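Worksheet: one structure, shown below.
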Amino acid sequence: MFRYKCLNPIAQIGLNGFSKDYIQADAADAAELVLVRSAKMHDMELGSETVAVARAGAGVNNIPLDKYAQQGIVVFNTPGANANGVKELFLFAALAGVRDVIGGIKWAESEFGNPDIAALAEKEKKRFAGHEIMGKTLGVLGLGAIGVKVANMAVTLGMKVVGYDPYLSEASKATLDSMVKVTDDLNVIAAESELITIHVPAMASTIGMINADFLSKCRKGVIVINLARDTLVNEPDMQAALSLGQVGKYICDFPTPGAAQMKNAIIIPHLGASTEESEDNCAVMAVQQLVDFMENGNIKNSVNYPPVDAGRADGVVRVCVNHKSSVKGADIAAAVTAAGADVKGFAGKEKGEFAYTLVDVAAYVDGLEDKIAGDGILKIRVINR
Numbered sequence: 500m501f502r503y504k505c506l507n508p509i510a511q512i513g514l515n516g517f518s519k520d521y522i523q524a525d526a527a528d529a530a531e532l533v534l535v536r537s538a539k540m541h542d543m544e545l546g547s548e549t550v551a552v553a554r555a556g557a558g559v560n561n562i563p564l565d566k567y568a569q570q571g572i573v574v575f576n577t578p579g580a581n582a583n584g585v586k587e588l589f590l591f592a593a594l595a596g597v598r599d600v601i602g603g604i605k606w607a608e609s610e611f612g613n614p615d616i617a618a619l620a621e622k623e624k625k626r627f628a629g630h631e632i633m634g635k636t637l638g639v640l641g642l643g644a645i646g647v648k649v650a651n652m653a654v655t656l657g658m659k660v661v662g663y664d665p666y667l668s669e670a671s672k673a674t675l676d677s678m679v680k681v682t683d684d685l686n687v688i689a690a691e692s693e694l695i696t697i698h699v700p701a702m703a704s705t706i707g708m709i710n711a712d713f714l715s716k717c718r719k720g721v722i723v724i725n726l727a728r729d730t731l732v733n734e735p736d737m738q739a740a741l742s743l744g745q746v747g748k749y750i751c752d753f754p755t756p757g758a759a760q761m762k763n764a765i766i767i768p769h770l771g772a773s774t775e776e777s778e779d780n781c782a783v784m785a786v787q788q789l790v791d792f793m794e795n796g797n798i799k800n801s802v803n804y805p806p807v808d809a810g811r812a813d814g815v816v817r818v819c820v821n822h823k824s825s826v827k828g829a830d831i832a833a834a835v836t837a838a839g840a841d842v843k844g845f846a847g848k849e850k851g852e853f854a855y856t857l858v859d860v861a862a863y864v865d866g867l868e869d870k871i872a873g874d875g876i877l878k879i880r881v882i883n884r
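Going by our numbering, the sequence shown opens with residue 500, and the numbers climb by one from there.
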């Protein structure tokens, strides 16, 4: 039996993907598997039996990735599962940026009960007049699962689109509309864009990337949309740019104290992936990845270990080893052979400091784990022994 613990509510349609061999644990430190959405895990100690954490969503800033990697715990996320929900919220944000529909609605609410509201509206509506997004230039920062969907939709809406991604994947390139101009120069985004939308992960290289220097190079009155992470925008710099009119409007999906004080900002209470469909998709994808990892040893969409998908051959015992990159997969296979096991094949990859190796053997041999254990070996798991 495998034990799992949900730190946040996880959609039942996802949990239905667990067979009867999976049961809920009372606590995270008593579970092999942990599912999480927004719960903070940096101060959380997991048990020695924990082998994987699955984030039902894309962002993983609430999870101590390196700490868990050191413990041989694989952290998964679900990139793309909530992409459509964020894409649709972008459409609202873009329209709210160019047209003061929100201001108009607030005015109408203030006049409820006024019998002359219809006639008054005809006089007042010019206060809320705006622009159309057709023909405007949109800069998309990050062309991953969400950024590509946003860019493609913007093209269909008649916008000119410039996408920034110095690490554009072949998969993204294959699905990106040919009308999207791609650049690896942020200055191009700043110079050409009337609206800018951010869809990059929060990393050391991206935190604070929207700062005074970048904003000073943008077109005056640019509209900035941030549905990715609050830390990608330097809030004091954004507040200053809004006050000066360098930024016309800032639409942010993260209600921080700093953002709440900004002039000409529209603050959304983190609704990007808050649709039933997105939550269902994330839950289903998270559980599928955990099941494949537990039953086949395969890693897909991990953020702290490399992807290793070796399928699964019938009738073999699979040895799964989390280790430091200083230990080579061939050496692990050699240790398995030295233990007396008949090795049928192995596969492995490195990702920075950490690596993962699968070794298939004809049958389990007593003492196999002891032969593999040593410096740099973080966790050993044997499937179908």
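We put the beta carbon where it would ideally sit given N, CA and C, even for glycine. Given the structure is predicted, the values throughout are model-derived calculations rather than measurements.
Host alpha helix (DSSP H) of residue i (start-end)
i, result
"glutamate 778", "775-795"
"leucine 867", "867-871"
"threonine 549", "From DSSP, threonine 549 is part of no alpha helix (DSSP H); its letter is neither H nor E."
"isoleucine 767", "Isoleucine 767 -> no alpha helix (DSSP H), and no H or E assigned at all."
"isoleucine 688", "685-691"
"glycine 757", "756-759"
"threonine 655", "644-655"
"valine 533", "First-last for valine 533: 532-535, but that is the beta strand (DSSP E), not the alpha helix (DSSP H)."
"isoleucine 469", "Only positions 500 to 884 of the chain appear in the structure, and residue 469 is not among them; the question remains open."
"lysine 605", "600-609"
Own chain partners of residue i with C-beta closer than 8 Å, once the 5 adjacent residues on each side are dropped
i, result
"lysine 635", "Val597, Met658, Lys659, Glu693 and Leu694"
"valine 769", "A small fix is needed here, since residue 769 is histidine in this sequence, not valine. Closer than 8 Å at Cβ, skipping near neighbours: Asp752, Phe753 and Pro754."
Burial state of residue i (16 or more Cβ within 10 Å)
i, result
"glutamine 745", "buried"
"lysine 625", "exposed"
"glutamate 631", "exposed"
"lysine 519", "exposed"
"histidine 698", "buried"
"alanine 510", "buried"
"glutamate 669", "exposed"
"proline 700", "buried"
"lysine 719", "exposed"
"glutamate 608", "exposed"
"tyrosine 666", "exposed"
"phenylalanine 611", "exposed"
"alanine 854", "buried"
"threonine 655", "exposed"
"threonine 674", "exposed"
Between the CA atoms of residue j and residue i - distance to the nearest angstrom
i, j, result
"valine 676", "glycine 747", "Per the sequence shown, the amino acid found at residue 676 is aspartate instead of valine. Near 28 Å, if we compare the C-alpha coordinates of glycine 747 and aspartate 676."
"lysine 680", "glycine 579", "22 Å"
"proline 805", "glycine 851", "9 Å"
"phenylalanine 845", "lysine 823", "17 Å"
"alanine 727", "aspartate 752", "8 Å"
"serine 777", "proline 508", "14 Å"
"alanine 782", "tyrosine 663", "30 Å"
"leucine 685", "glutamine 569", "35 Å"
"alanine 527", "methionine 540", "10 Å"
"valine 885", "valine 721", "Past the edges of the chain, shown from 500 to 884, lies residue 885, and the structure says nothing about it."
"glutamate 621", "leucine 594", "21 Å"
"glycine 839", "aspartate 565", "34 Å"
"serine 825", "glycine 847", "13 Å"
"isoleucine 766", "isoleucine 562", "25 Å"
"leucine 545", "alanine 529", "8 Å"
"glutamate 868", "asparagine 780", "37 Å"
"methionine 543", "tyrosine 503", "16 Å"
"threonine 682", "asparagine 613", "53 Å"
Range of the contiguous beta strand (DSSP E) that encloses residue i
i, result
"asparagine 725", "721-725"
"glutamine 511", "Unbroken run through glutamine 511 is the alpha helix (DSSP H), 511-514; no beta strand (DSSP E)."
"glutamate 849", "842-850"
"isoleucine 709", "Run containing isoleucine 709: none; DSSP gives neither H nor E here."
"asparagine 821", "816-823"
"glutamine 523", "521-523"
"phenylalanine 501", "501-505"
"isoleucine 697", "694-697"
"glycine 747", "746-751"
"threonine 636", "636-640"
"glycine 447", "There is no way to answer for residue 447, as the model of the chain reaches only from 500 to 884."
"lysine 680", "680-682"
Cβ-Cβ separation, residue j to residue i (assumed contact under 8 Å), whole Å
i, j, result
"arginine 811", "asparagine 795", "4 Å"
"threonine 696", "phenylalanine 792", "33 Å between Cβ atoms; not a contact."
"threonine 549", "valine 533", "6 Å"
"valine 559", "asparagine 576", "5 Å"
"alanine 872", "aspartate 841", "That belief does not hold up - the Cβ atoms of alanine 872 and aspartate 841 are roughly 20 Å apart, past 8 Å."
"methionine 761", "methionine 784", "That belief does not hold up - the Cβ atoms of methionine 761 and methionine 784 are roughly 35 Å apart, past 8 Å."
"phenylalanine 713", "alanine 739", "13 Å between Cβ atoms; not a contact."
"valine 786", "leucine 514", "6 Å"
"asparagine 763", "leucine 741", "5 Å"
"valine 585", "tyrosine 567", "Contact flag wrong, Cβ pair sits at about 26 Å."
"isoleucine 645", "alanine 582", "5 Å"
Contact set for residue i: own chain, Cβ-Cβ below 6 Å, skip 5 residues either direction
i, result
"glycine 571", "Asn821, Leu877 and Lys878"
"alanine 592", "Ile724 and Ile750"
"aspartate 729", "Phe753 and Thr755"
"valine 952", "The structure shown does not extend to residue 952, since the chain spans only 500 to 884, so no value can be given for it."
"valine 815", "Lys843 and Asp859"
Short CB-CB distance (under 7 Å) between residue i and chain B
i, result
"cysteine 505", "No chain B appears in the structure shown, which is made up of a single protein chain."
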